[in-house]
Amino acid sequence: NNKKLTGLAAEGNRLAELDVSGNPELEELMIGDNQISYIDISHNKRLTGLTVENNRLKHIDLRNNPELTILSASGNQLTDIDLSNNKNLRAVYLDNNRLATVDFQGMKYLVRVHASNNQLLALTNMNMEECTGYSVFCTPGDGLKAEGHRYVSNSRMLDLSKTVPNIQLNQIREVRGGQ
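Residues in the sequence shown are numbered consecutively from 7, following the numbering used here.
Okay, structure coming up:
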């Protein structure tokens, strides 16, 4: 345990577990491409960057990480994620999980969201009116029916290319906010 450690990169090491509870000054944690199914980052309150993509995470508790600006958790088995205490997020990468909804309430710095290949029904409370140069990439699950659904984005880029197989644009009731 190095109490003064501010950054740790341990990507691609086949790690099954990692204890960072003794590293309270940790600001950057990069542990992608391992075999981690659980990580406790509740003692890492200064964490600004978290990379945990391509692991085996089913849940990740981010409640004690209010300073997070970048979250990269693609390629896991996440079914839900609580970002309510992470108001400083600028970039969120959640591709290739099992998420149905993601709530972005109060995130005024958010500029990039990647959430493709999930079981998405909604990305809610995306208020990016003050941002410029942002993008949203999502492909809601195959069970989503386009008819009667609203795709709402205040982004410059809204990628619906894989949203629904054989989507017909006349079935989309509303796309608003894009430029």
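Each residue gets a CB set at the ideal place from its N, CA and C atoms; glycine is no exception.
Here the structure is a predicted model, which means the values were calculated and not measured.
Taking 9 angstroms as the cut-off, the beta carbon of Leu74 is found no closer than this to the beta carbon of Leu105.
Here Val26 has Leu14, Leu32, Leu35, Ile45, Asp46, Ile47, His49, Asn50 as same chain residues with Cβ atoms under 8 angstroms from its own Cβ, once five neighbours each way along the sequence are excluded.
Going by beta carbons, Thr54 and Gly38 fall outside the 9 angstroms limit. With distances taken between CA atoms, Thr85 lies nearest to Asn124 out of Ile76, Asn124, Asn92, Ser78. Residue Ser43 holds the alpha-carbon nearest to the alpha-carbon of Leu24 among Asn103, Ser43, Asn102. As DSSP reads the structure, Tyr99 sits in a beta bridge with Ser78, His120. Taking the Cα positions, Asn40 is about 32 angstroms away from Lys114.
Taking all protein chains shown into account, Ser122 has 16 or more neighbouring C-beta atoms within 10 Å of its C-beta and is therefore buried. Annotation: the region 20-70 contains the following complete segments of the beta strand (DSSP E) (minimum length 3 residues), in chain order: 34-36, 55-57. The beta carbon of Asn70 is closer than 8 angstroms to those of Ile47, Ser48, His49, Asn50, Lys51, Asn91 in its chain, skipping five residues each way along the sequence. The beta carbon of Ser78 is closer than 6 angstroms to those of Thr57, Glu59, Tyr99 in its chain, skipping five residues each way along the sequence. Leu89 sits close to Asp109, with the two beta carbons spaced by under 9 angstroms. Distances from the CA of Ala97 to each of Arg20, Thr107, Arg118 were compared; the closest alpha carbon is that of Arg118. Residue range 13-15 is occupied by the beta strand (DSSP E) that includes Ala15.
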